[in-house]
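Read through the structure below, which is laid out as structure tokens, and then see the notes.
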Amino acid sequence: GGSAVIDMENMDDTSGSSFEDMGEMHQRMKEEEEEEAEGEAGAAEEEDGEFLGMKGLRGQLGRQVADQMWQVGKRQASRAFSLYANIDILRPYFDVEPVQVRARLLESMIPVKMINFPQKIAGELYGPLMLVFTLVAILLHGMKTSDTIIREGTLMGTAIGTCFGYWLGVSAFIYFLAYLCNAQITMVQMLSLLGYGLFGHCITLFVTYNIHFHSLFYIFWLVVGGLSTLRMVAVLVSRTVGHTQRLILCGTLAALHMLFLLYLHFAYHKVVEGILDTLEGPNMPPFQRVARDIPVVSNAVLNTTTKTVALTL
Amino acid sequence: FAGLADVSISEEIPVEGQITVPVGSHSPDEDGSTLDEPVRETIMRDLKAVGKKFVHVLYPRKSSTLLRDWDLWGPLVLCVSLALMLQGGSADSKDDGGPQFAEVFVIIWFGAVVITLNSKLLGGTISFFQSLCVLGYCVLPLTVGMLVCRLVLLAGSGTISFIIRLVVVLAMFAWSTLASTAFLADSQPPNRKALVVYPIFLFYFVISWMILTFTPQ
């Protein structure tokens, strides 16, 4: 066999296999292009061909192909990197263990007593995200009466839009108020706090969509909804100074949270009630008639929501 | 290359061998053979791969076939057939009909993407498309369930048919969740498996709900 001795003096005769060579070739390609643009095409090519020690046109074609491949590779790498970099921004918010999630779920129902000391809020997004999806699933489950198929398409989009809209929108709004009231809370913490506050909503709706007692719903609304609201309020109070600010912030949050549970129950419950009514006619058991107290309001509310969600999407 | 100019290679160290990248002798032949083979062979090879993956989903064992050579043909076929079967037939102007094709399609793919992102964020070692592949293939039991439901609905839509459909859909739902868990849970750190399984459970629950509440108009 032969021996391949690398003669360092003639490194100009490259095969384009290293990055430095590619960089140099790229540089020369750019200069070459500029020269070509000025109309000195033939002379430049010949000149470069001789300079690089390659055989004229064939060598140049090879160079161009190699250069293009390098460009494409570079572009793909930078795109892939930016995609992964975006995911990595969220990674620390998903760094949880199942026991931690369970503990936080239970804690979200227990109002803290100590409001003079800023309470710790875990800035975690896994639990809240899963709770929002669970709420969507529970809302959909509440439509299990088969005739709600009629509205199923719109309801699915509405359910997702409502839950996510509430979580993101109210978080942003309360964060804005907190900024005005000088409360010490970050956006991620607010998202986390409100997300875990939806645990009470999930429990209430899960129970009351299956057991259609209206008084039961009111009890759950006050107790379960109230507990989770109280917890959020206590945490916020512990992080705010000044009576007026505390009142504004916590009053708004409490009102929105409790009203949302009320809305979820009545707007979607009414749809089920109305359809059951048309199905069963005059044979409806008495307790189900109570739902028809506020038909006008429920209908208007549901229609407005559907329209709003459809408009925003 | 100024710094390299004064490197000298001793004559005693043999510098020998091929500088060119060894292009394996089988490679041009392989390229040639897959280019020259009849179209039927190419299609059959892909179909066999898809079919093998279907079998792996139906009998979930801990194997890495689904993960190693991922492909999205199977999920596409399953998703399209499920969405077609779920289309509510009603052309009534007052009603929307069932979930439209686009809605089912979007929900399945969007849900799969969310679960994949979630498992990656939780520290999973599986790649994006591998996860999509597994989740898509595990929709197979639910598609079979949908087929059975449609057949049962042809016979009638009373309480008994509802109970049959409920049982079938529940069984398929459990099957789907177990199958996808068998493939996906291994790629997670051992103490976080529950965190990954839960969204998969929700995802298949929503699809099962869509199947169960389907009534032809």
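Top line first, the protein sequences correspond to chains A and B.
Okay, so the first sequence: first residue is 1 according to full-length UniProt numbering, each after it adds one.
Okay, so the second sequence: first residue is 1 according to full-length UniProt numbering, each after it adds one.
C-beta atoms are modelled at their ideal positions from N, C-alpha and C, and glycine is treated no differently.
All figures in this text were calculated on a predicted structure; none of them were measured in a lab.
Selected residue, minimal CA-CA separation from residue i, among the options
i, options, result
"Ala-122/A", "Ile-219/A, Leu-193/A, Thr-204/A", "Leu-193/A"
"Val-101/A", "Asn-86/A, Leu-180/A, Gly-195/A", "Gly-195/A"
"Thr-181/B", "Leu-212/B, Val-169/B, Ile-163/B, Gly-136/B", "Gly-136/B"
"Ile-174/A", "Ala-255/A, Phe-213/A, Leu-140/A", "Ala-255/A"
"Met-190/A", "Gln-76/A, Val-170/A, Thr-306/A, Pro-98/A", "Val-170/A"
"Met-85/B", "Ala-194/B, Val-148/B, Thr-159/B", "Val-148/B"
"Leu-202/B", "Gly-156/B, Ala-174/B, Leu-35/B", "Ala-174/B"
"residue 364/A", "Thr-244/A, Tyr-263/A, Leu-129/A", "The displayed coordinates of chain A run from 1 to 313. Any statement about residue 364/A would go beyond what the structure contains."
"Val-168/B", "Leu-212/B, Arg-68/B, Leu-122/B, Leu-121/B", "Leu-212/B"
"Ala-49/B", "Ala-194/B, Asp-36/B, Leu-67/B, Asn-118/B", "Leu-67/B"
"Phe-54/B", "Ser-157/B, Trp-70/B, Phe-128/B", "Trp-70/B"
"Phe-205/B", "Leu-35/B, Glu-41/B, Pro-189/B, Pro-141/B", "Pro-141/B"
"Ile-138/A", "Gly-73/A, Asp-95/A, Tyr-209/A", "Tyr-209/A"
"Val-106/B", "Phe-129/B, Gln-130/B, Leu-47/B, Leu-76/B", "Leu-76/B"
"Gly-142/A", "His-265/A, Leu-311/A, Ala-234/A", "His-265/A"
"Cys-133/B", "Thr-177/B, Gly-74/B, Tyr-198/B", "Gly-74/B"
"Leu-198/A", "Ala-183/A, Tyr-166/A, Val-235/A, Ile-211/A", "Tyr-166/A"
"Val-99/A", "Tyr-126/A, Ser-238/A, Leu-236/A", "Tyr-126/A"
"Leu-58/B", "Thr-215/B, Arg-150/B, Gly-145/B, Met-210/B", "Gly-145/B"
"Gly-242/A", "Ala-77/A, Ser-78/A, Gln-68/A, Ile-115/A", "Ile-115/A"
"Ser-176/B", "Asp-186/B, Ser-208/B, Ile-160/B", "Ser-208/B"
"Gly-200/A", "Trp-221/A, Ala-183/A, Ile-211/A, His-212/A", "Trp-221/A"
"Lys-120/A", "Arg-104/A, Met-130/A, Leu-129/A, Thr-134/A", "Arg-104/A"
Contact set between residue i and chain A, taken where Cβ atoms lie within less than 9 Å
i, result
"Leu-117/B", "Ile-87, Leu-90"
"Pro-199/B", "Leu-129, Met-130, Phe-133"
Any C-beta of chain B under 7 Å from that of residue i
i, result
"Ala-172/A", "no"
"Leu-140/A", "yes"
"Phe-94/A", "yes"
"Ala-77/A", "no"
"Met-284/A", "Caution is warranted here: a pLDDT of 45 is assigned to Met-284/A, below 50, making its placement in the model unreliable, and the coordinate value is therefore given only provisionally. It does not: the Cβ of Met-284/A has no partner Cβ on chain B nearer than 7 Å."
"Ile-149/A", "The pLDDT assigned to Ile-149/A is 45, lower than 50, so where the model puts this residue is not dependable; a value taken from the coordinates is nonetheless given after this. Interface residue, yes."
Any C-beta of chain A under 7 Å from that of residue i
i, result
"Leu-184/B", "no"
"Trp-209/B", "yes"
"Ser-25/B", "Because the pLDDT at Ser-25/B is just 48, under 50, the model does not fix this residue reliably, and the value given afterwards should be weighed accordingly. No, because no Cβ of chain A sits closer than 7 Å to the Cβ of Ser-25/B."
"Val-148/B", "no"
"Val-106/B", "no"
"Asp-29/B", "Caution applies to Asp-29/B, whose pLDDT of 46 falls short of 50 and renders its modelled position unreliable; the value that the coordinates give is listed next. Not an interface residue."
Nearest-angstrom beta carbon gap, residue j and residue i [assumed within contact, 8 Å]
i, j, result
"Thr-240/A", "Leu-227/A", "Incorrect: roughly 20 Å between the Cβ atoms, too far for contact."
"Glu-97/A", "Asn-191/B", "6 Å"
"Arg-231/A", "Pro-111/A", "5 Å"
"Cys-138/B", "Ile-108/B", "About 11 Å separates the two Cβ atoms, so there is no contact after all."
"Phe-164/A", "Val-132/A", "6 Å"
"Thr-116/B", "Phe-128/B", "6 Å"
"Ala-159/A", "Val-136/A", "5 Å"
"Phe-94/A", "Leu-122/B", "5 Å"
"Val-309/A", "Gly-161/A", "4 Å"
"Thr-305/A", "Ala-267/A", "7 Å"
"Pro-189/B", "Asn-118/B", "The Cβ separation is near 14 Å, so there is no contact."
Proximal chain B residues relative to residue i, where beta-carbon distance stays under 9 Å
i, result
"Glu-97/A", "Asn-191, Arg-192, Leu-195"
Amino acids of chain B, ordered along the chain, whose beta-carbon sits closer than 7 Å to that of residue i
i, result
"Tyr-126/A", "Leu-195"
"Ala-137/A", "Leu-202, Phe-205, Val-206"
Residue i: contacting residues in chain A (beta-carbon distance under 7 Å)
i, result
"Leu-154/B", "Chain A residues near Leu-154/B: none, gap ~16 Å exceeds 7 Å."
"Leu-122/B", "Phe-94"
Proximity test, residue i beta-carbon vs the ligand MG heavy atom, cut-off 6 Å
i, result
"Glu-124/A", "Only the bare structure without any ligand can be found here, which leaves the ligand MG out of the picture."
Residue-level contact to chain C via CB, residue i, 7 Å cutoff
i, result
"Val-237/A", "Looking for chain C here will not work: the only protein chains present are A and B."
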